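In our numbering, the protein residues as written are 2 to 282. Here a beta-carbon is modelled for each residue, glycine too, at the ideal position from N, C-alpha and C. Only a predicted model underlies this, so the values are computations on that prediction, with no experimental measurement involved. Have a look at the structure below, then the notes.
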Ligand SMILES: [Zn+2]
C-alpha cells in the first residue's frame, strides 16, 4: 500500500525476529506471520469489514491527523518538531512500528482496535519518532541504559496513548486481546523494587543485563513506564514530565521526587547515584 517493498520486508523481518533483516519473499513472511499470530486467518475471514474500516479511516484522515498533532504537542518539548511522515496501513506484522522515516500499522490490528484506538496508536508511534529524531534511537542501546531509556520513552509515549489500558473495539482475535491486556499494571511497584535491588546490589558495577531483561518480559516496560510517567505528571505537573523526554536520567530523578507523595516505590540512594554513571559512558 505504498511503502517501499524493501523497507516493508526489512521492517517485518526485524519485528518478528529482532535480528538484522535478511531478504525473504513477502509471501513467505505473511505466511509465517499468519501462522504465528493468527492475523492472516482473521484477516481472510473479515476482509470486507477491514476494507470498510480503511475507507472509514481515510474519510476521517483530516480529523485524525489534527487530533494526533494536538495530542503530540501536549507531550513534546516545544523545540521538537512533529515529524511529517507518511503513514502506511499494511497486511502482516500485527503491530504499529516506525522504521526510519516511515510509520506502518497492521490493517487487521487497526480494525480490531477501532478508529479511536488506532488514532492513539499513531500518536504513540509518532511520539517515538519525534523523540528519536532529536535524541537518538534508544533501542540501539543495551543493558541498564536500554532498560531505563525504554521506561522513559515508552512511559511518556503511553501518556500520549496507551493501548494496554484501552478497550478494544473487537475482542474476537485472542492474540490481540492477550497482547493488550498487560497483567504487569498490578506489579509495577514489585518490578521497580526488584530493579532497584539488582542495580544497588551490583553497585558500583553495572547490573546483570539478563536478569534486568527478565524483569520486563511480556513487554512490562509499558505498564511500568506508564505508571512512572503518571506519577511524575500527577505530582510535578505535565511540564516536568515533558522536560524528561529524551532524558532517562531526568525521568528517573523526577520519578524519585514524585514517588513519596504518590505512594509509589522509592529507589535507594545507591541506585539513584548509579544512574548518572550508567549514562556517563
Ligand atoms: Zn511504544
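Compute the distance between the beta-carbons of residue 47 and residue 112, then report whether it is under 8 angstroms.
With contacts defined by Cβ atoms closer than 8 angstroms, residue 47 and residue 112 form a contacting pair.
For the beta strand (DSSP E) holding residue 119, just list the boundary residues, first then last.
Under the DSSP assignment, residue 119 falls outside any beta strand (DSSP E), being part of the alpha helix (DSSP H) whose first and last residues are 116-136.
Cβ-heavy atom distance, residue 165 to ligand 1, below 7 angstroms:
Exclusion of residue 165 from the 7 angstroms shell around ligand 1 follows from its C-beta lying no nearer than that to any non-hydrogen atom of the ligand.
Cβ neighbour criterion (16 or more within 10 Å) applied to residue 118
When all chains shown are included, residue 118 counts as buried.
Nearest to residue 40 by CA position, among 54, 81, 175, is which residue?
Across the set 54, 81, 175, the C-alpha of 175 shows the shortest separation from the C-alpha of residue 40.
Looking at the secondary structure, which residues open and close the beta strand (DSSP E) in which residue 87 lies?
Counting along the chain, the beta strand (DSSP E) containing residue 87 begins and ends at 87-91.
Residue 171 - DSSP class collapsed to helix/strand/coil:
Residue 171 falls in the coil class under three-state DSSP.
Out of 151, 197, 239, 172, state which residue places its alpha-carbon closest to the alpha-carbon of residue 224.
The shortest CA-to-CA distance from residue 224 to any of 151, 197, 239, 172 is the one to 151.
With hydrogens ignored, establish whether the beta-carbon of residue 125 is closer than 7 angstroms to any heavy atom of ligand 1.
For residue 125, the CB falls within less than 7 angstroms of some heavy atom of ligand 1.
If distances are taken between C-alpha atoms only, which option among 205, 196, 229, 202 comes closest to residue 215?
From the listed residues 205, 196, 229, 202, the smallest Cα separation to residue 215 is found for 196.
Can you give me the Cβ contacts of residue 177 inside the same chain, cut-off strictly under 7 angstroms, excluding the 5 residues immediately before and after it?
Excluding positions up to five away in sequence, the list reads 110, 113, 169.
Can you have a look at residue 90 and say buried or exposed, based on whether 16 or more other CB atoms are within 10 angstroms of its CB?
By the 10 Å Cβ count, residue 90 comes out buried.
Would residue 56 be called buried (16 or more neighbouring beta carbons within 10 Å of its own) or exposed?
Exposed is the label assigned to residue 56, since fewer than 16 other Cβ atoms lie within 10 Å of its Cβ.
Work out the CA separation of residue 205 and residue 106 for me, nearest whole Å.
Cα-Cα distance, rounded: 42 angstroms.
Helix, strand or coil: how does DSSP classify residue 103 here?
The answer is strand: DSSP assigns residue 103 an E or B state.
Contact belief for residue 255 with residue 237 at Cβ below 8 angstroms, rounded distance in angstroms
Right, the Cβ-Cβ distance comes to about 6 angstroms (below 8 angstroms), so this counts as a contact.
For residue 274, does the three-state DSSP call read helix, strand or coil?
Secondary structure at residue 274: helix, using DSSP grouped into helix, strand and coil.
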